[in-house]
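Okay, structure first, notes after.
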Amino acid sequence: MKRGTAIFLTAVITLLFAVFFLYPAGMVVKQAFEVKGPDGSTRYTLEFISAVFRNPIYREGLWNAFALGITSTLATLVIAFPLALIGHRYDFFGRKALGVLVLAPLIVPPFVGAVGVKQMLGVNGGLNALLIHLGLMDGALPYDWLAYGRFAGIVLMNALHLYPILYMNIAAALSNLDPAMEQAAENLGCPPWKRFLRITLPLSMPGVFAGSSIVFIWAFTELGVPLVFDYARVAPVQIFDGIKGLDKNPIPYALQEGLQIITAVGVGLSLSTPILILQAAMPLKEMAAATSAWQLTRALGGSIGLAVFTAILNSDMRSRFEQIPGYGTEFQVPTSAAGYRDLAALPEGQTKTAVLSAFSDSLRVSSTSSVRHGVADIIAIVSETCGPFTCIPAILNEYRTPE
């Protein structure tokens with residue numbers, strides 16, 4: 001290919017990528033942070049992102065999406081790894097045909113299979129029609145087979161449609177293994193399961209990680225299958241329901257931004273990425289030491305991040321509860337499901353009314369003072385445990401005081 005042609009094609013592809021991907025993504029990010037003033041002025045804030053993580057409904061949606069991503073990835077791994085291992089180790093009739101057939105689910109998206117399952121197992125589905133025809137079910141009271149298994153159904157649909165992605169990555173990793181290593185282990189008397197655990201599995205981990213990352217991101221952000229199964233408490237469906245009215249509510253865009261942040265952090269901080277870099281750049285002893293340090297850093301980083309996140313969520317609620325008589329004796333800031341039930345179980349009266357009102361107000365979009373208070377709480381906790389810094393809490397009390 002001539003140089004001029006290559007430059008032209010690169011420019012065209014870059015332009016199309018910018019117009020149809022970067023520009024829409026940029027608009028989503030803009031809507032998540034943009035606030036229009038009454039005078040038409042524009043400012044940018046983190047209030048909407050904070051509101052997403054303070055709202056228990058949105059937090060539940062993010063958690064459900066994360067749980068779907070993890071369980072779908074594990075279910076996909078259970079299907080893909082044995083298929084890739086069989087195709088790698090054994091030579092049998094129809095092996096090439098099987099290698100092609102296992103890729104068939106890539107032809108259709110996951111929600112198409114979900115539609116088919118709903119047509120079979122729904123209230124008006126084929127299974128109920130058959131049972132009614134055979135006289136085994138009352139036609140006036142058809143059974144909804146998906147009513148109590150929507151989560152499992154979504155995981156199953158994701159696994160059955162996404163396992164080819166993981167299969168291809170694992171098969172590619174297994175094809176690069178040196179057969180002499182397994183043969184040497186076999187000659188030395190190593191049993192099959194030990195050869196698998198000590199040779200095959202560790203050397204196939206790059207393929208497992210690469211495929212699992214793609215599957216997790218796909219399942220984590222999947223909209224079609226939860227939508228077909230009427231599983232509304234999941235972040236992609238909440239985003240869809242929020243923006244389909246085309247109003248100017250910024251919360252769905254902020255929720256989308258939260259979805260992107262969790263996806264990026266989950267993949268970027270995965271242990272496999274630095275491990276692969278260390279394997280390529282360091283001798284064995286140095287790699288072991290650096291890996292241990294990385295594990296410690298990740299553990300500390302996760303703990304500190306969780307502490308800061310929890311403090312920010314609870315700070316605004318606590319500041320409102322402290323203004324209500326009875327705080328600390330009759331009620332507390334909830335930190336678990338039992339805590340929320342205790343609030344709901346308060347005796348009827350002015351205290352309960354004030355508590356529930358403060359609780360609902362804390363779920364609304366508020367100023368960035370809640371973030372300031374949360375960070376101040378973390379600094380105070382640390383300083384109170386370190387002798388030389390015991391003067392800091394007094395300064396932080398001034399910092400918490402509203403202007």
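Sequence positions in the sequence shown follow our numbering and run 1 to 403.
Beta carbons are placed, not taken as given, at the ideal position from N, Cα and C, and that holds for glycine.
Can you tell me which of the three DSSP states Lys-2 falls into? If you number the sequence shown from 1, residue 2 lands on position 2. Of the three classes helix, strand and coil, the one that applies to Lys-2 here is coil, per DSSP.
Extent of the continuous alpha helix (DSSP H) run through Arg-233: Locating residue 233 in the sequence shown gives position 233, where the first residue counts as 1. Note, Arg-233: premise wrong, no alpha helix (DSSP H); not H, not E.
Over the uninterrupted alpha helix (DSSP H) stretch that includes Val-35, give me the two end residues. In the sequence shown, counting from the first residue as 1, residue 35 sits at position 35. Here Val-35 belongs to no alpha helix (DSSP H); instead the beta strand (DSSP E) covers 34-36.
Rounded distance between the beta-carbons of Arg-320 and Asn-64, thought under 8 Å: Indexing the sequence shown from 1 puts residue 64 at position 64. Indexing the sequence shown from 1 puts residue 320 at position 320. With a Cβ gap of about 28 Å, Asn-64 and Arg-320 do not count as contacting.
Can you round the beta-carbon distance between Phe-33 and Tyr-44 to whole angstroms, since I take them to be within the 8 Å contact cut? By 1-based counting over the sequence shown, the position of residue 33 is 33. By 1-based counting over the sequence shown, the position of residue 44 is 44. About 4 Å; that satisfies the 8 Å criterion.
If the criterion is Cβ atoms closer than 9 Å, does the pair Pro-226 and Leu-68 meet it? Residue numbering aside, residue 226 sits at position 226 when the sequence shown is read from its first letter. Residue numbering aside, residue 68 sits at position 68 when the sequence shown is read from its first letter. Taking 9 Å as the Cβ cut-off, Pro-226 and Leu-68 qualify as a contacting pair.
Quick one: using the 10 Å Cβ neighbour count with 16 as the cut-off for buried, is Gln-295 buried or exposed? Counting from one through the sequence shown, the residue named residue 295 turns up at place 295. Any reading at Gln-295 must be qualified, since the residue scores a pLDDT of 44, below 50, and its modelled position is unreliable; no value is offered.
Distance between Leu-343 and Lys-352 (C-alpha atoms, nearest Å): Residue numbering aside, residue 352 sits at position 352 when the sequence shown is read from its first letter. Residue numbering aside, residue 343 sits at position 343 when the sequence shown is read from its first letter. When rounded, the distance between both Cα atoms is 8 Å.
Could you pull out every residue in the same chain whose Cβ sits closer than 7 Å to the Cβ of Met-181, ignoring the five residues on either side in sequence? Reading the sequence shown from its first residue, position 181 is the one you call residue 181. For Met-181, where only same-chain residues beyond five positions count, the Cβ hits under 7 Å are Ile-199.
Ordered along the chain, which non-local residues of its own chain (more than five positions away) have a Cβ less than 8 Å from that of Val-228? Residue 228 sits at position 228 when you count from the first residue of the sequence shown. Hits under 8 Å: Phe-111, Ala-114, Val-115 and Lys-118.
Are the stretch 50-61 and the stretch 119-137 touching by the rule of at least three beta carbon pairs closer than 8 Å? Flag = no, the stretch 50-61 and the stretch 119-137 do not touch.
Should the stretch 163-177 be regarded as contacting the stretch 77-85, the criterion being three or more beta carbon pairs within less than 8 Å? Yes, since at least three Cβ pairs between the stretch 163-177 and the stretch 77-85 fall closer than 8 Å, the two stretches touch.
What residue ranges within the stretch 8-77 form continuous beta strand (DSSP E) runs of no fewer than 3 residues, ordered along the chain? Entirely contained in the stretch 8-77, the beta strand (DSSP E) runs reaching 3 residues are, in chain order, 34-36 and 42-44.
Does the CB of Arg-3 have a neighbour CB from chain B at under 9 Å? In the structure shown, chain B cannot be found, because there is only a single protein chain.
With burial defined as no fewer than 16 other Cβ atoms inside 10 Å of the residue's Cβ, what is the status of Arg-3: buried or exposed? Within the sequence shown, numbered from 1, the residue matching residue 3 stands at position 3. Of the residues assessed, Arg-3 falls on the exposed side of the cut-off, its CB having fewer than 16 other CB atoms within 10 angstroms.
At what residues does the alpha helix (DSSP H) containing Ile-324 begin and finish? Start at 1 with the first residue of the sequence shown, and residue 324 comes out as number 324. No alpha helix (DSSP H) holds Ile-324; DSSP gives it neither H nor E.
Go ahead and label Leu-356 buried or exposed: buried means 16 or more other beta carbons lie within 10 angstroms of its beta carbon, across all protein chains shown. Within the sequence shown, numbered from 1, the residue matching residue 356 stands at position 356. Classification of Leu-356: exposed, given that the 10 Å Cβ count is below 16.
My output table needs one value for Phe-92: the three-state DSSP class, helix, strand or coil. Position 92 of the sequence shown holds residue 92. Phe-92 falls in the coil class under three-state DSSP.
Opposite Phe-331 in the DSSP bridges: which residues? Along the sequence shown, read from residue 1 onward, the residue named residue 331 stands at position 331. DSSP lists Tyr-327 as partners of Phe-331.
Measuring straight from C-alpha to C-alpha, what distance separates Phe-8 and Tyr-163? What you label residue 8 is simply residue 8 of the sequence shown in a count that begins at 1. What you label residue 163 is simply residue 163 of the sequence shown in a count that begins at 1. Distance from the CA atom of Phe-8 to the CA atom of Tyr-163, rounded to whole angstroms, is 37 Å.
Any idea if Gln-350 is buried or exposed, counting beta-carbon neighbours within 10 angstroms, 16 or more meaning buried? By 1-based counting over the sequence shown, the position of residue 350 is 350. Gln-350 comes out exposed.
Gly-122 burial status per 10 Å Cβ neighbour count (16 or more: buried): Working through the sequence shown from its first residue, we reach residue 122 at position 122. By the neighbour-count rule (16 or more Cβ atoms within 10 Å), Gly-122 is buried.
Hey, how far is the Cα of Asn-128 from the Cα of Ile-154? In the sequence shown, residue 128 corresponds to position 128, counting from 1. In the sequence shown, residue 154 corresponds to position 154, counting from 1. Rounded to whole angstroms, Asn-128 to Ile-154 spans 21 Å at the Cα level.
Comparing alpha-carbon positions, which option in Ile-170, Tyr-231 and Cys-190 lies nearest Met-205? Here residue 205 refers to the residue found at position 205 when the sequence shown is read from its first residue. The shortest C-alpha to C-alpha distance from Met-205 to any of Ile-170, Tyr-231 and Cys-190 is the one to Ile-170.
Taking the beta carbon of Ala-25 as the centre, do at least 16 other beta carbons fall within 10 Å, making it buried, or is it exposed? Mapped onto the sequence shown, residue 25 falls at position 25. Sixteen is the threshold: since fewer than 16 other Cβ atoms of the shown chains lie within 10 Å of the Cβ of Ala-25, the residue is exposed.
Between Arg-364 and the rest of its own chain, which residues show a CB-CB distance below 8 Å, the 5 nearest in sequence each way excluded? What you label residue 364 is simply residue 364 of the sequence shown in a count that begins at 1. For Arg-364, the pLDDT reaches just 47, beneath the cut-off of 50, and the residue's location in the model is therefore unreliable, although a value from the coordinates is still provided. Only Ala-51 meet the Cβ criterion.
Per-residue burial, Gln-31 [other beta carbons within 10 Å of its own, 16 or more giving buried]: Locating residue 31 in the sequence shown gives position 31, counting from the first residue. Taking every protein chain shown into account, the CB of Gln-31 has 16 or more other CB atoms within 10 angstroms, so this residue is buried.
Can you look up Gly-211 in the DSSP assignment and give me helix, strand or coil? As a position in the sequence shown, residue 211 is number 211, starting the count at 1. It is helical.
Does DSSP put Trp-145 in a helix, a strand or coil? Residue numbering aside, residue 145 sits at position 145 when the sequence shown is read from its first letter. In the three-state DSSP reduction, Trp-145 falls in the coil class, being neither helix nor strand.
Is it the case that the stretch 180-195 contacts the stretch 93-111, given that we only count it when at least three CB pairs across the two stretches are under 8 Å? These segments do not touch.
Which residues bound the alpha helix (DSSP H) around Gly-139? In the sequence shown, residue 139 corresponds to position 139, counting from 1. That residue, Gly-139, is in no alpha helix (DSSP H); it is neither H nor E in DSSP.
Let me make sure I understand the geometry here. Which of Pro-109, Pro-38, Leu-146 and Val-108 has the alpha-carbon closest to that of Gly-125? The residue given as residue 125 occupies position 125 in the sequence shown. If we check each option's Cα against that of Gly-125, Leu-146 comes out closest.
Coarse secondary structure for Val-112, derived from DSSP in three states: Here residue 112 corresponds to residue number 112 of the sequence shown, with the count starting at 1. Helix, per DSSP.
Measure the alpha-carbon distance for Arg-95 versus Val-108 and round it to whole angstroms. To locate residue 95, count along the sequence shown from 1; it is residue 95. To locate residue 108, count along the sequence shown from 1; it is residue 108. Approximately 23 Å between the Cα atoms of the pair.
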